[in-house]
């Protein structure tokens, strides 16, 4: 396998995981990416692949900032407002969308059981990551539907003694999200 050449600002996807992000650092045979969930993660070149989304406004603004710090003085008022909103949301609570369309390229051939297992496994991975990295809270977006995924998530969350959870902000997410709090320093 040939190693791809990556530059700061390239949009990449992790091959064996449902993670996308923007390259923030390139060194030797590794890249550090800022994931779409706001985490900095490092991968080898052969673990990621470039993706091109030319209509991605966030990517365009992010790239222009990385390449030219002086560009801020040349931005229009509207661009400054958009940039400020992006900065605020990047510092916010990590959100993870568990809708199957966000997790796999195609759900063709997957049974409801398979879909639910993928969603629960993804949620568990995010929970374990948050615990390991001492993230104080996250939001899991599960949607409304028939409530099967929400029920299974509640069952999963009750297995962790260092977690408390509640419905996330109705104004922001409607009825389809759960806010998870991670208690720190439990002995």
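In the UniProt record's numbering, the protein residues as written are 1 to 187.
Glycine included, C-beta positions come from ideal geometry on N, C-alpha and C.
Hey, is the segment 160-168 in contact with the segment 108-115, meaning 3+ C-beta pairs nearer than 8 Å?
no
Could you check where the beta strand (DSSP E) with residue 25 kicks off and where it finishes?
Residue numbering aside, residue 25 sits at position 25 when the chain shown is read from its first letter. Where residue 25 is concerned, the enclosing beta strand (DSSP E) stretches over 20-27.
Between residue 46 and residue 40, is the Cβ-Cβ spacing less than 8 Å?
For this step, residue 46 is matched to residue 46 along the chain shown. For this step, residue 40 is matched to residue 40 along the chain shown. Contact: no.
Is the separation between the beta-carbon of residue 176 and that of residue 141 shorter than 8 Å?
Position 176 of the chain shown holds residue 176. Position 141 of the chain shown holds residue 141. Taking 8 Å as the Cβ cut-off, residue 176 and residue 141 qualify as a contacting pair.
Verify whether the separation of the beta carbon atoms of residue 153 and residue 123 is less than 8 Å.
As a working mapping, residue 153 is identified with position 153 in the chain shown. As a working mapping, residue 123 is identified with position 123 in the chain shown. Judged by beta-carbon spacing, residue 123 lies within the 8 Å limit of residue 153, meaning their Cβ atoms are closer than that value.
If we call anything under 8 Å between Cβ atoms a contact, is residue 189 one with residue 148?
Past the boundaries of the shown model lies residue 189; the chain is included only from 1 to 187, so the question cannot be answered.
For residue 137, does the three-state DSSP call read helix, strand or coil?
Residue numbering aside, residue 137 sits at position 137 when the chain shown is read from its first letter. In the structure shown, the three-state DSSP call for residue 137 is strand.
Burial state of residue 51, where buried means 16 or more other Cβ atoms lie within 10 Å
Here residue 51 corresponds to residue number 51 of the chain shown, with the count starting at 1. By the C-beta density criterion, residue 51 is exposed, having fewer than 16 other C-beta atoms within 10 angstroms.
Pick helix, strand or coil for residue 44, following the three-state DSSP scheme.
To locate residue 44, count along the chain shown from 1; it is residue 44. Three-state DSSP puts residue 44 in a strand.
Taking residue 157 as the reference, which of 128, 81 and 10 has the closest Cα?
Residue mapping note: residue 157 aligns to position 157 of the chain shown, counting from 1. Residue 128 is the option with its Cα nearest to residue 157.
How about residue 26 and residue 11: do their beta carbons lie closer than 8 Å?
As a first step, residue 26 is located in the chain shown; it is residue number 26 there, counting from the start. As a first step, residue 11 is located in the chain shown; it is residue number 11 there, counting from the start. Going by C-beta atoms, residue 26 is not nearer than 8 Å to residue 11.
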